[in-house]
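Numbering (the working numbering), first residue to last: 9 to 113.
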Ligand SMILES: [Zn+2]
């Protein structure tokens, strides 16, 4: 999910200097105890009343993994196929095949 999508899951979201505050869905919150910050790879949620991130995510029908931003398609690493290694010819390694039918011919 994106940070904006995650923000929309909360109620009474208000921008603050460092991020956002919202009503914590994990307890009966009336004072916007929840702090939501835009981390590098996920939304950082912190309830001042002590709710865990798991409880907060579960209360809005999300998993902890949903708080992580999905990698964008254009950011995905392209798998570059390696060309096959060149055949190395080594003199003296080709076995001699002696056909028994020809032996003694
Ligand atoms: Zn809470």
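Where a beta carbon is used, it is the ideal one built from N, C-alpha and C, also for glycine. These figures come from a predicted structure and were not determined experimentally.
Report the three-state DSSP secondary structure of residue i (helix, strand or coil).
i	result
residue 76	strand
residue 34	coil
residue 115	The first residue shown for the chain is 9 and the last is 113, placing residue 115 beyond what the model contains.
For the beta strand (DSSP E) that contains residue i, what are its first and last residues?
i	result
residue 51	51 to 55
residue 20	19 to 23
Sort the options by Cα distance to residue i and report the nearest one.
i	options	result
residue 26	36, 16, 13, 47	47
residue 59	12, 13, 40, 93	40
residue 29	62, 52, 92	52
residue 13	36, 94, 78	78
Could you spell out where the alpha helix (DSSP H) holding residue i opens and where it closes?
i	result
residue 62	61 to 67
residue 13	11 to 16
Do residue j and residue i count as a contact pair if the criterion is CB distance below 8 Å?
i	j	result
residue 33	residue 64	yes
residue 76	residue 49	yes
Nearest-residue set for ligand 3, Cβ under 6 Å from any heavy atom: By its list of ligands, the structure shown excludes ligand 3, since it contains just ligand 1.
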